[in-house]
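Engineer: The sequence shown maps to residues -28 to -1, 1 to 288 in mature numbering (1 follows the signal peptide of the UniProt record, and there is no 0).
Next up is a structure, given as structure tokens.
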Amino acid sequence: MAGSFFSPKHLLLATAFIFLLEIRSASAANNIIWKNHCIYDLYFWTVPTRTREEDSAYRIIPAGSQFTETMLPGSIVVKIRDVPHYTVQPAGILQLEYYMDHRGNKLWYDSSIINCDRHAGAESPSYCPFAHGGLRMSIPAKLPPLVACLDSSCNLDGFCDGWLMYLRTGGFKDEPSLNCGLGVDVVFETCTDRSPQRTWENGIPYVPPLPRAPEPREYAPPPVEPGVTTRSECSPHTEKPRTYPVPHPDMFPEEIVCFDPDCACYGSFGYGDQGPLGDCTCQEGALECHFHDDCDIWWNFAGKGEYWWSGGLEKR
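Given below as structure tokens:
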């Protein structure tokens, strides 16, 4: 069918274009995703082949958390421990290795526990708690038309897949070096079954930190009770003015009237050191007098002539 849009040539070009789109979209992946299911932190070092990173170059994946790292070019080894050092041997190290082959559009990857002593206890530097608690390396995505990617798992107290994970140094037939198409994420999980005891440090067993105390709750302040209000009355002169509701403390002069038990707010009838106490009025038997601007009360008391006016207090 000459001139037809759906010619074999066009179909071939369309198929190639779709395949290139798949490869291009896949390049957005290529991550290592760490999932630490342990109750203690995980430390890892990203090390190019035939080099060594200092112990201080570690990164931490806190207990029960997840972390994503973009794959680096070249042949990369990732060393994993439950303590923040690995350079002094022996050391119970888990290893994840990968290499991105862009020319062949392949990702080569494998995992290794060759530095772990299956029979060692937590006091030994060759102990690998992650391997006793369960490891899993998986590639969730499957990108057609590429081949399916293989997963591997290991538990030194149970089943450990020697076909898909290095249990001894390489150089033998059918080594467990796996490959998959580029553009996928590799998920590496620790303590998939349980969290064994952590490696001792300096001969001291690891003691998990106590759980954090809950944050203190903020409570609303109690409601403020309404202030006391007392109606004042003009009363005949007596020996000394009434000083309710607070009795007159003995340590203060007679001319001082205290408005609180500590005498923090007080006044003196007549003229004090600061001059007159204020303007007080008495009309139809009612008295109001405001003393001292820094007091939080109204004290109804004043002296005039042969009469004393006294009363109570009132909150502002």
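The beta carbon of each residue, even a glycine, is placed where N, CA and C say it ideally should be.
All figures in this text were calculated on a predicted structure; none of them were measured in a lab.
Which residues in the same chain have their Cβ closer than 7 Å to the Cβ of SER149, if we skip the five residues on either side of it in sequence?
Structural biologist: TRP80 and ASP82
Engineer: Give the secondary structure of SER167 by DSSP, where H, G and I count as helix, E and B as strand, and everything else as coil.
Structural biologist: If DSSP states are grouped into helix, strand and coil, SER167 belongs with coil.
Engineer: Among LEU68, TYR58 and ILE176, whose alpha-carbon lies nearest the alpha-carbon of VAL49?
Structural biologist: LEU68
Engineer: So what does PHE16 bridge to, in DSSP terms?
Structural biologist: ARG31 and ILE52
Engineer: Spatial neighbours of TYR99 within its chain, please: C-beta separation below 7 Å, excluding the five flanking residues on both sides.
Structural biologist: GLY64, ASP89, ALA92, GLY93 and THR171
Engineer: Distance check for ALA185 and ARG(-5), CA to CA, integer angstroms please.
Structural biologist: Low confidence applies here, because ARG(-5) scores a pLDDT of 40, under 50, leaving its location unreliable; read the following figure in that light. Each residue's Cα considered, the two are about 49 Å apart.
Engineer: Since GLY105 is in the alpha helix (DSSP H), which residue starts that stretch and which ends it?
Structural biologist: 101 to 105
Engineer: Let me check one thing: in DSSP terms, what residues is residue 291 bridge-paired to?
Structural biologist: Residue 291 is absent from the structure shown; the chain starts at -28 and stops at 288.
Engineer: Please go through the same chain and pick out, in chain order, the residues whose beta-carbon is closer than 6 Å to the beta-carbon of GLU161, but skip the five residues on each side of it.
Structural biologist: LYS7 and ARG108
Engineer: Cα separation between VAL55 and ALA192?
Structural biologist: Our two residues, VAL55 and ALA192, have alpha carbons roughly 45 Å apart in a direct line.
Engineer: Does DSSP classify TYR138 as helix, strand or coil?
Structural biologist: Here DSSP, grouped into helix, strand and coil, assigns TYR138 to strand.
Engineer: Looking only at its chain, what residues have a beta carbon closer than 6 Å to the beta carbon of SER110, apart from the 5 residues adjacent to it on each side?
Structural biologist: ASP123 and VAL159
Engineer: Is SER125 helix, strand or coil when you go by DSSP?
Structural biologist: strand
Engineer: ILE176 by DSSP, collapsed to three states: which one?
Structural biologist: strand
Engineer: Pull up the distance between the alpha-carbon of residue 294 and that of CYS10, whole angstroms please.
Structural biologist: There is simply no residue 294 to check, as the chain begins at -28 and stops at 288 in what is shown.
Engineer: Pull up the CB-CB distance for LEU154 and ASN3, whole angstroms please, since I reckon it's below 8 Å.
Structural biologist: That belief does not hold up - the Cβ atoms of LEU154 and ASN3 are roughly 12 Å apart, past 8 Å.
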